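Step one of this worksheet: look at the structure below.
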Amino acid sequence: MQREEGRLIPAELTFDAAGLIPAVVQQYDTGEVLMVAYMNLESLEKTLETKATWFWSRSRKKYWMKGESSGNIQRVMDVRYDCDADCLLVVVDQVGVACHTERRSCFYRSLLEADSDV
1490 MQREEGRLIP
1500 AELTFDAAGL
1510 IPAVVQQYDT
1520 GEVLMVAYMN
1530 LESLEKTLET
1540 KATWFWSRSR
1550 KKYWMKGESS
1560 GNIQRVMDVR
1570 YDCDADCLLV
1580 VVDQVGVACH
1590 TERRSCFYRS
1600 LLEADSDV
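This is the structure:
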C-alpha cells in the first residue's frame, strides 16, 4: 500500500534512528498549537489506548504522561499523521495549561517584530 493512501498502523509510521517521531499537539476547537514532543511506538500505542498523551523524554530517557504531576492533562480527540508518515498531529482538549512555564501554549515567543502580521 502506498503511504499516501489508506490508513497505516502505528508500526508502519516512519520513526527516526532513535525510534522517535515528533508529535505536534493542537487544541481541537481553536486549532492553537500547544506544544511539540516526541513519541516512540510504545508511547504512541499507550496514547491511542488511554486517550491521554504519553511521550518519550529524550533528556530523562523515560515515558511521561502529560499532566501526570501537574493535572494539566490532554484528552486525545484524534491522532493524525502527515503525508510522509514521519510526523504526528495530536488533536486534544487541553485541561489547564500545556507549557511548563504555566502558559497556555509553549509557543508564546516570536522571532519577528511585535507588530508583524501572523
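Per the working numbering, the sequence shown starts with residue 1490, numbered consecutively.
We put the CB at the ideal spot given by N, CA and C, even for glycine.
None of the values given here were measured: they were computed from a predicted structure.
Is the beta carbon of residue i sitting closer than 7 Å to the one on residue j?
{"i": "T1536", "j": "K1555", "result": "no"}
{"i": "L1502", "j": "A1587", "result": "no"}
{"i": "A1507", "j": "L1577", "result": "no"}
{"i": "E1521", "j": "S1599", "result": "no"}
Run through DSSP, which three-state label would residue i get?
{"i": "S1558", "result": "coil"}
{"i": "A1500", "result": "helix"}
{"i": "K1550", "result": "coil"}
{"i": "D1567", "result": "strand"}
{"i": "L1523", "result": "strand"}
{"i": "A1603", "result": "coil"}
Between which two residues does the alpha helix (DSSP H) carrying residue i extend?
{"i": "L1537", "result": "L1530 to T1539"}
Start and end of the beta strand (DSSP E) containing residue i?
{"i": "F1596", "result": "Taken as a continuous stretch (DSSP letters only), F1596 belongs to no beta strand (DSSP E), as it is neither H nor E."}
{"i": "V1580", "result": "L1577 to Q1583"}
{"i": "S1546", "result": "W1543 to S1546"}
{"i": "V1586", "result": "It is not in any beta strand (DSSP E) - V1586 carries neither H nor E in the DSSP assignment."}
{"i": "A1574", "result": "Careful: A1574 lies outside any beta strand (DSSP E) and carries neither H nor E."}
{"i": "A1506", "result": "Premise fails: A1506 is in no beta strand (DSSP E) and is neither H nor E."}
Would you mind giving the Cβ-Cβ distance between residue i and residue j, rounded to the nearest angstrom? I have them listed as a contact below 8 Å.
{"i": "S1514", "j": "Q1563", "result": "Correcting the residue type first, residue 1514 is Val in the shown sequence and not Ser. That pair is a contact at about 7 Å."}
{"i": "L1497", "j": "Y1570", "result": "7 Å"}
Can you list, in chain order, the residues of its chain with a C-beta nearer than 7 Å to that of residue i? Leave out the 5 residues immediately preceding and following it.
{"i": "A1500", "result": "L1530"}
{"i": "Y1517", "result": "M1566, V1580, V1581 and D1582"}
{"i": "M1490", "result": "Residue confidence for M1490 is low, a pLDDT of 41 falling below 50, so the modelled location carries little weight and cannot support an answer."}
{"i": "E1534", "result": "P1499"}
Using a Cβ-Cβ cutoff of less than 6 Å, which residues in the same chain neighbour residue i once the five nearest sequence positions on both sides are dropped?
{"i": "S1546", "result": "W1553"}
Please go through the same chain and pick out, in chain order, the residues whose beta-carbon is closer than 8 Å to the beta-carbon of residue i, but skip the five residues on each side of it.
{"i": "K1551", "result": "W1545"}
{"i": "V1584", "result": "G1556, G1560, N1561, I1562, Q1563 and R1564"}
{"i": "I1510", "result": "L1502, T1503, F1504, Y1527, M1528, N1529, L1533, D1575, C1576 and L1577"}
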